[in-house]
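Under the working numbering, read the first sequence as residues 452 to 864, first letter to last.
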Amino acid sequence: MSKMQPVRGTHDLLPDEYRRFAHVIDTAREVARLYGYREMATPIFEFTELFARGIGETTDVVSKEMYTFQDRGGESLTLRPEYTAGICRAFVSNGELAQQLPLKLFAAGPMFRYERPQKGRQRQFHQIDLEVLGAPEPGADIEVISVAADILDRLGILGRCVLKLNSLGDPESRTAYRKVLVDYYSAHTARLSEDSRDRLQRNPLRILDSKDEGDKAINADAPSFSDHLNQASRDFFKQVQDGLAAAGVPFEIDPALVRGLDYYTHTAFEFVTTHIGAQGTVLGGGRYDGLIAELGGPPTAGIGWAGGIERLVMLANEPAPLPRPVAIAPLGPAAEAKALGIARTLRRAGIAVEQDYRGNMKRRMQRANKLNARAAIILGDDELAKGVAQVKDLDSGAQHEVALDKLAEALKS
RNA sequence: GCGGCCGUAGCUCAGUUGGUUAGAGCGCUAGAUUGUGAUUCUAGAUGUCGCCGGUUCAAAUCCGGUCGGCCGCCCCA
């Protein structure tokens, strides 16, 4: 670490990049607001047990990717690897929230996963997150997906994404299907890839979207989930599909879409793109009706999604340019003092004003240019005596005299 | 965790089969101007060649290790 590097898998968000980052969050926040979602935040670390119980002990996220440490009091804490568990915990911790159902929430913040870094996959990364608690109806699924589609649309990403949709069924369907699948693959275990043999133990549904050619051949004849959904699950999935069609959100059914976190039931979905390499999932989520009860809360349905901000930034259009400032260029101590007051008056009128801390005329004009100022206010002793300033339009080069008390008016817009 | 590619000024990159003071463009700084920027001209500075060690008379160049980035797998957002 001789040359001061950031920790592996972390990076600094410098001002130019941060603007694009904030643009994604601001856009998401605004769209969420239109749908009636309220923003909140939870701590970035929680008791380790929360994630172990909520996400599932055998998932990759919990078993090998968490930043877990003991604090000075001996508690085992973990930097959150995702947002949903923390939000559900907050729901259980704060009884008042149970009186506000359905609870529609938006959140954004950093997440931590110990993974091999790559573009679009950092150890500290950031997500926007949307959740609805206390709504078992398919209408919530439809709404939550619509919000996501609208956010992606505003960011200029929707056209380069495909929405993939699947149903994992209710717990009854899921366990039944899981058993059928395990039986099927167990009969072919000799021909399965090593990865998939492992998956057979931990999460057999995952074998369905294996990229291994041998596995794909076996998958071709694998029993399909849709044939094993019970009537209730089937009806639910149908309603979600019909609702999305009615809302005008295009989607594709992907029977191989399985999410890696244990808590999902019924609807699972992902917006994926082929434009940013292997880390193609830009936003994904699903329904988790059993999670809150699992955490010891009152049985409460839940559905939501998370979107990777870094991945969204790579695809999003540029944020609108900032309003250009005006630069004030005083010459001499008297003018410099006077400029302080003028600058403040203009700022209070809503005009962005840049005032250099030092420098002669040339330097101040150069700075004004670098700051992309639209105009310069030139204030020397001559102007001071007359109660005026020279206002120079930096695009046209035109310059004219303006009375000091008319400056705000002259520089409006 | 597995396999592979890469690491030279602030940025994008050159750098012959190891050979003397390591280069270009952009950017940066200063001057051409006494109260006027961006354009133009001139001059200047860029740097532990990621880091540590090894081979060699000699390493940016070859070898090993390490740190970091990237690609694929795994997994996920």
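The C-beta atom is built at its ideal place from N, Cα and C for all residues, glycine as well.
These figures come from a predicted structure and were not determined experimentally.
Between aspartate 634 and valine 709, the C-beta gap is not smaller than 8 Å, which leaves the two residues out of contact. Taken in chain order, the unbroken stretches of beta strand (DSSP E) that lie wholly in the region 552-581 and span 3 residues or more are 554-563.
Rounded to whole angstroms, the separation of the alpha carbons of arginine 650 and arginine 504 is 20 Å. Look at the beta carbons and you see the region 845-859 touching the region 819-829: at least three pairs across the two are nearer than 8 Å.
Using a C-beta cut-off of 8 Å, the region 794-801 makes no contact with the region 838-849, since fewer than three inter-stretch Cβ pairs fall below that distance. For arginine 629, the three-state secondary structure derived from DSSP is helix.
Of the other Cβ atoms in all chains shown, fewer than 16 fall within 10 Å of the Cβ of alanine 697; this residue is therefore exposed. One thing to note: aspartate 592 has its Cβ within 8 Å of the Cβ of threonine 718. In the displayed model, phenylalanine 496 falls within a strand according to three-state DSSP. Looking at the DSSP output, leucine 763 sits in no beta bridge, so it has no partner there.
Around the beta carbon of threonine 640, fewer than 16 other beta carbons sit within 10 angstroms, so the residue counts as exposed. Remark: fewer than three beta-carbon pairs, one from each stretch, lie closer than 8 Å, so the region 486-501 and the region 607-626 are not flagged as touching.
Fully contained in the region 767-794 are the following beta strand (DSSP E) runs of length 3 or more, in chain order: 777-781.
Nearest to asparagine 768 by alpha-carbon distance, out of Leu712, Asp463 and Arg470, is Arg470.
The straight-line gap separating the alpha-carbon atoms of threonine 461 and aspartate 522 is approximately 22 Å. A check of alpha carbon separations from aspartate 580 across Asp477, Met455, Gly665 and Pro568 identifies Asp477 as the nearest.
Where tyrosine 469 is concerned, the enclosing alpha helix (DSSP H) starts and stops at 466-485.
Excluding the 5 residues flanking it on each side, glutamate 852 has same chain C-beta neighbours closer than 7 Å at Val839 and Gln841, in chain order. Excluding its 5 nearest sequence neighbours in each direction, aspartate 663 has C-beta neighbours in its own chain below 8 Å: Ser644, Asp646 and Ser647, listed in chain order. The residues Arg504, Gly505 and Tyr714, in chain order, have a CB closer than 8 Å to that of glutamate 745 in the same chain once the five nearest residues on each side in sequence are set aside. Between the region 800-819 and the region 506-522 there are fewer than three inter-stretch CB-CB distances shorter than 8 Å, so the stretches are not counted as touching. About 24 Å separates the CB atoms of proline 587 and aspartate 705; that is not less than 8 Å, and the two are not in contact. Note: glutamine 521 is bridge-paired with Ser527 in the DSSP secondary-structure output. With respect to phenylalanine 472, isoleucine 760 sits close: the two C-beta atoms are nearer than 8 Å. A check of alpha carbon separations from arginine 653 across Gly507, Met562, Gln550 and Ala729 identifies Gly507 as the nearest.
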